[in-house]
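Here is the structure we will look at.
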DNA sequence: TATGAATGAGAATTCATTCAT
DNA sequence: GATGAATGAATTCTCATTCAT
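Chains as they are written, first to last, in the working numbering: chain A, 501 to 723; chain B, 501 to 723; chain C, 501 to 723; chain D, 501 to 723.
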């Protein structure tokens, strides 16, 4: 399962296989409905072996959480977005945003099964939610604020709007975009990724209102 | 538990209590981790009594699904949004959007625990997902398209954009808004609802880019 | 259900209905697998009502036992066989046997469902077995011995054979005959009852050996 | 428990123990009234262990059925009766019958607990009954017919009688014989097996009528 | 170290029995 | 008397975890 991307994280091979299998099974059934027996079968090892590497089933979930956090926020990954932002100086916002979103969507694709697991469990466990906030959301928000500050400074982004709101718009649009592709792929047939991204960014950038500034001004007068 | 809003759906009182308790417990632990024993305790009845009303634990979940769908899409509820849209003729888009969003957010508040349960299960069961799509998403999308068509026709909304994209932007922004309030209420302290809604709508309407049309035109030239 | 023949035993109507229903259900599923709920449904009464007439489920079985015994060995029934035997003086054994067997087979037909229930349970409960022995088998054996003694006295039946053996032969043949008709009716298609009875009696009377007395005498010499 | 005779059927030791315990408990209480907890206790294992070997309680019954059929009809057993019949050429019918009955009664003794279980269940489940018919009764009948044909051909058995009737007489007498010994051992004290068998065969062979051929001829004339 | 059989606590479910109406 | 909803003890079955090999 290359997509799960546990490689490169110097883990014992067995532990690696267990995590991969657990991600698969948790992702398909959810944590509680998954059985250690099925995980073992998927990992190609004996059930007892799991408990040499993880004291309890819950610990497997924690292992997934830690590794997902490592992948998403760790050096392996953050670097790429930092590179994009670092190299952003001469580019317009749409281009940067597209690069960032493309990079993030690729990331989401690769960690989707794990993300599904930990997001689901985060709904039920404060500690998981806290870990996600501390390790993923909070740093991402901070990084984004820096970027936004720069973009605003250069007059590329509205300065009359909270960075949180901007981030929310981007994340919200991206989230539904991902949900459509991953959960309702049969309902929302999409064109190629490139065009879709352009549309996505367009609405994030310019909103849904008519662009004509005259209209904007006179909006309130209409009846 | 007024928030769960099962009232008004002429159910036997015990069935009502069981569903309420189940929503609470499923919502806190997820379906699989919840036990019928705990549901019974919460409902203040004997465990065996549950099975007089629901043949299996799975049937309780189905009961919740059915009732949530009834609440969200049923007459009880749809009427209000239809009223808003029907009365929308003389209003500007932001006002309508605000009314609709406010109405929907109140609805989400009231069904949040149930919604959490069925959304979570929808991740793992195609049939639940399909039910949600058929009964909630699809009709909502259809209704919205009608509204958008009218709005576009009157020049209130961009006509160079797919209705799906507009809807996605609105839903995405609203979704993250809800997640912030419900799951990370301690992290994102919000001002009063009214102001927050204004900000939300502002970014949906006008995007994050600078409004200045000059800039927009020259955007691509910058380096 | 006329076949169950509980009529004529001045029972309260409800008790009657319960017993009839219980015979049906026990007969189809066995005592343990049957539920009082199903019995109630079959009797067309509320489940709770059963317990006004029978303190426990086990008591229903006892009720069936008592009534079956009443039917089989009681006045209602014994009379007919006694009449046959009383009127037997001028008849040959085959005729008497045929009359008795025909009478008993008709009886078995009518009580088969109950008999099935109590015979089955007699396998597992000493008390039931004891009741069957005391109330049915033992009196039947005694009565038969009287008849046999008479028959032997008149030279109609071998006098070099224990009455128990004679009875066993008759009962054994009859039992398998009944099993074939009741349990394997699809496997053993039978001619009409009359002819079958003749064959049955023939083998009981004369055995399976060649009738030729010469052969019989020389039988032991063969090697 | 040598009597249950599961030995020689290369089963895992635990499975063997479970089946033995189940035969004991089912035999004492019947299938439905028996509990897996009691079976486990009898087998000296944990209750959960049962379900590693048998998916459901019903499967234990099937296991018993299969093994009983194997024992009764399988190579282990049929061989002995075939040997007897094969070696029957120079013997008289009574001798052969005695050997066969003795062999079968020993078999019944050894499988009695299992037989009781599956015969009881066969009363309530067509599939069990069908399995018994196909695997035990039908082959036994076929085999017997061959033997009878030979015996008739040699003038040892009446040729004016259906083979089914002969078989019925033998089985019926044997069945009641077994029932007496197994279920009413306290009521019917028996002499030694050998003498009992002689009596059994005598009545099967020559019937209950007076042997005197003169009488037989004149039977119908008597009044 | 790896195994996988065995465990037993705990889960869902059933059902005879009770009892307020 | 009759009802049938409610009960909760008992039952079948599951599965994370242990441990002898």
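For every residue, glycine included, the Cβ atom is placed at its ideal position computed from N, Cα and C.
For this session: Give the residues from the segment 551–568 of chain C that approach chain D closer than 9 Å (Cβ to any Cβ), ordered along the chain.
Result: Residues: none.
For this session: Just grab the DSSP bridge partners of residue 657 (chain D) for me.
Result: The sequence position of residue 657 (chain D) within the fourth chain is 157, counting from 1. According to DSSP, residue 657 (chain D) bridges with C:709.
Exercise. Which term fits residue 512 (chain B), buried or exposed, when burial requires 16 or more other beta carbons within 10 angstroms of its beta carbon?
Worked result: By 1-based counting over the second chain, the position of residue 512 (chain B) is 12. Exposed: under 16 other Cβ atoms inside 10 Å.
Exercise. Taking the C-alpha atoms as reference points, what is the distance between residue 710 (chain C) and residue 540 (chain C)?
Worked result: Residue 710 (chain C) sits at position 210 when you count from the first residue of the third chain. Residue 540 (chain C) sits at position 40 when you count from the first residue of the third chain. Cα atoms of residue 710 (chain C) and residue 540 (chain C): separation of roughly 56 Å, rounded to the nearest angstrom.
For this session: Give a yes or no on whether the C-beta atoms belonging to residue 622 (chain B) and residue 632 (chain B) are separated by under 7 Å.
Result: For the purposes of this step, residue 622 (chain B) is taken as the residue at position 122 of the second chain. For the purposes of this step, residue 632 (chain B) is taken as the residue at position 132 of the second chain. Their beta carbons are under 7 Å apart, which means residue 622 (chain B) touches residue 632 (chain B) by this criterion.
Exercise. So which residues of chain A does residue 643 (chain B) contact, with C-beta pairs closer than 9 Å?
Worked result: Working through the second chain from its first residue, we reach residue 643 (chain B) at position 143. Correct list: empty, because the minimum Cβ distance to chain A is about 16 Å.
Problem set entry | Coarse secondary structure for residue 536 (chain B), derived from DSSP in three states | Position 36 of the second chain, counted from the first residue, corresponds to residue 536 (chain B). Three-state result, residue 536 (chain B): helix.
Problem set entry | Contact with chain B by residue 533 (chain A), beta-carbon distance below 7 Å | Taking the first residue of the first chain as position 1, residue 533 (chain A) is located at position 33. So, interface residue.
Problem set entry | Within chain C, the residues that residue 666 (chain D) reaches when beta carbons sit closer than 8 Å | Counted from its first residue, the fourth chain places residue 666 (chain D) at position 166. Neighbours of residue 666 (chain D) on chain C, chain order: 703, 708.
Exercise. When the cut-off is 7 Å and only beta carbons count, does residue 573 (chain B) lie next to chain A?
Worked result: Here the question's residue 573 (chain B) lines up with position 73 in the second chain. Residue 573 (chain B) does not count as touching chain A.
Problem set entry | residue 528 (chain A): contacting residues in chain B (beta-carbon distance under 8 Å) | The residue you call residue 528 (chain A) lines up with position 28 of the first chain. Residues of chain B passing the Cβ test: 624.
For this session: Would you tell me roughly how many angstroms separate the C-alpha atoms of residue 599 (chain D) and residue 521 (chain C), rounded to the nearest one?
Result: Position 99 of the fourth chain, counted from the first residue, corresponds to residue 599 (chain D). Position 21 of the third chain, counted from the first residue, corresponds to residue 521 (chain C). For residue 599 (chain D) and residue 521 (chain C), the distance between alpha carbons rounds to 47 Å.
Exercise. Would a check of beta-carbon distances place residue 544 (chain C) closer than 7 Å to chain D?
Worked result: Within the third chain, residue 544 (chain C) is the residue found at index 44, counting from 1. Taking Cβ atoms only, chain D never reaches closer than 7 Å to residue 544 (chain C), which makes this a no.
For this session: State the start and end residues of the unbroken alpha helix (DSSP H) segment that holds residue 602 (chain D).
Result: Counted from its first residue, the fourth chain places residue 602 (chain D) at position 102. Note, residue 602 (chain D): alpha helix (DSSP H), 593–622.
Problem set entry | Range of the contiguous alpha helix (DSSP H) that encloses residue 522 (chain A) | For this step, residue 522 (chain A) is matched to residue 22 along the first chain. Residue 522 (chain A) -> alpha helix (DSSP H) spans 513–529.
Exercise. Mind checking residue 713 (chain A): buried by the 16 CB within 10 Å criterion, or exposed?
Worked result: Mapped onto the first chain, residue 713 (chain A) falls at position 213. Any reading at residue 713 (chain A) must be qualified, since the residue scores a pLDDT of 44, below 50, and its modelled position is unreliable; the value itself is stated next. Under this definition residue 713 (chain A) is an exposed residue.
Exercise. For residue 546 (chain C), which of helix, strand or coil comes out of DSSP?
Worked result: Indexing the third chain from 1 puts residue 546 (chain C) at position 46. Coil.
Problem set entry | Selected residue, minimal CA-CA separation from residue 587 (chain A), among A:708, A:650, A:562 | Within the first chain, numbered from 1, the residue matching residue 587 (chain A) stands at position 87. Put simply, of A:708, A:650, A:562 the residue whose alpha carbon is nearest the alpha carbon of residue 587 (chain A) is A:650.
Exercise. Chain B beta carbons: is any one of them nearer than 7 Å to that of residue 685 (chain A)?
Worked result: Here residue 685 (chain A) corresponds to residue number 185 of the first chain, with the count starting at 1. Cβ-Cβ to chain B under 7 Å: no for residue 685 (chain A).
Exercise. Are three or more beta carbon pairs between the segment 655–664 of chain B and the segment 657–669 of chain A nearer than 8 Å?
Worked result: no
Exercise. DSSP three-state call for residue 694 (chain D): helix, strand or coil?
Worked result: Indexing the fourth chain from 1 puts residue 694 (chain D) at position 194. Note: residue 694 (chain D) maps to helix in three-state DSSP.
Exercise. Which residues mark the beginning and the end of the alpha helix (DSSP H) in which residue 567 (chain B) is found?
Worked result: Stepping through the second chain from its first residue, residue 567 (chain B) is reached at position 67. Residues 557–573.
Problem set entry | Test item: CB-CB of residue 652 (chain B) and residue 659 (chain B) under 7 Å | Counting from 1 along the second chain, the entry for residue 652 (chain B) is found at position 152. Counting from 1 along the second chain, the entry for residue 659 (chain B) is found at position 159. Yes. Within cutoff.
Exercise. Between residue 700 (chain C) and the rest of its own chain, which residues show a CB-CB distance below 8 Å, the 5 nearest in sequence each way excluded?
Worked result: What you label residue 700 (chain C) is simply residue 200 of the third chain in a count that begins at 1. Excluding residues within five positions, the ones whose Cβ falls inside 8 Å are 601, 673, 674, 677.
Exercise. Does the beta-carbon distance from residue 560 (chain B) to residue 523 (chain B) come in below 7 Å?
Worked result: The residue labelled residue 560 (chain B) in the question sits at position 60 within the second chain. The residue labelled residue 523 (chain B) in the question sits at position 23 within the second chain. Contact flag unset, no.
For this session: Measure the Cβ-Cβ separation of residue 528 (chain A) and residue 536 (chain A) and say whether it is below 7 Å.
Result: Translated into the one-based positions of the first chain, residue 528 (chain A) becomes position 28. Translated into the one-based positions of the first chain, residue 536 (chain A) becomes position 36. No.
Problem set entry | Rounded straight-line distance, which links the Cα of residue 644 (chain C) to that of residue 591 (chain C) | Here residue 591 (chain C) is taken as the residue at index 91 of the third chain, counted from 1. Here residue 644 (chain C) is taken as the residue at index 144 of the third chain, counted from 1. In this structure, the straight-line span from the alpha carbon of residue 591 (chain C) to that of residue 644 (chain C) is close to 16 Å.
For this session: Report buried or exposed for residue 573 (chain B), applying the criterion of at least 16 other Cβ atoms within 10 angstroms of its Cβ.
Result: In the second chain, counting from the first residue as 1, residue 573 (chain B) sits at position 73. Classification for residue 573 (chain B): buried.
Exercise. Roughly how many angstroms separate the alpha carbons of residue 595 (chain C) and residue 562 (chain D), rounded to a whole number?
Worked result: One-based indexing of the third chain puts residue 595 (chain C) at position 95. One-based indexing of the fourth chain puts residue 562 (chain D) at position 62. C-alpha separation (whole angstroms): 46 Å.
For this session: Grab the span of the alpha helix (DSSP H) containing residue 682 (chain B) for me, first residue to last.
Result: Counting from one through the second chain, the residue named residue 682 (chain B) turns up at place 182. It spans 663–683 - the alpha helix (DSSP H) in which residue 682 (chain B) sits, taken as one unbroken run.
For this session: Give the straight-line distance between the Cα atoms of residue 705 (chain D) and residue 705 (chain C), rounded to the nearest whole angstrom.
Result: Position 205 of the fourth chain, counting from 1, holds the residue named residue 705 (chain D). Position 205 of the third chain, counting from 1, holds the residue named residue 705 (chain C). In a straight line, the C-alpha of residue 705 (chain D) is about 10 Å away from that of residue 705 (chain C).
Exercise. Beta carbon of residue 568 (chain A), beta carbon of residue 628 (chain A): below 7 Å?
Worked result: Locating residue 568 (chain A) in the first chain gives position 68, where the first residue counts as 1. Locating residue 628 (chain A) in the first chain gives position 128, where the first residue counts as 1. No, the pair does not count as a contact, with Cβ atoms beyond the cut-off.
Problem set entry | Coarse secondary structure for residue 687 (chain C), derived from DSSP in three states | Translated into positions along the third chain, residue 687 (chain C) becomes position 187. DSSP places residue 687 (chain C) in coil when its eight states are reduced to three.
For this session: Check the Cβ-Cβ distances between residue 675 (chain C) and every residue of chain D, and say whether any is below 7 Å.
Result: For the purposes of this step, residue 675 (chain C) is taken as residue 175 along the third chain, with counting starting at 1. Taking Cβ atoms only, chain D reaches closer than 7 Å to residue 675 (chain C), which makes this a yes.
For this session: Taking only the alpha-carbon atoms, compute the straight-line gap between residue 682 (chain C) and residue 615 (chain D) and give it to the nearest angstrom.
Result: Here residue 682 (chain C) refers to the residue found at position 182 when the third chain is read from its first residue. Here residue 615 (chain D) refers to the residue found at position 115 when the fourth chain is read from its first residue. Roughly 19 Å separates the two Cα atoms.
Exercise. Would you say residue 658 (chain B) reaches chain A, if we count a Cβ-Cβ gap shorter than 7 Å as a contact?
Worked result: Numbered from its first residue, the second chain carries residue 658 (chain B) at position 158. For residue 658 (chain B), the answer is yes, since a Cβ of chain A falls inside 7 Å of its Cβ.
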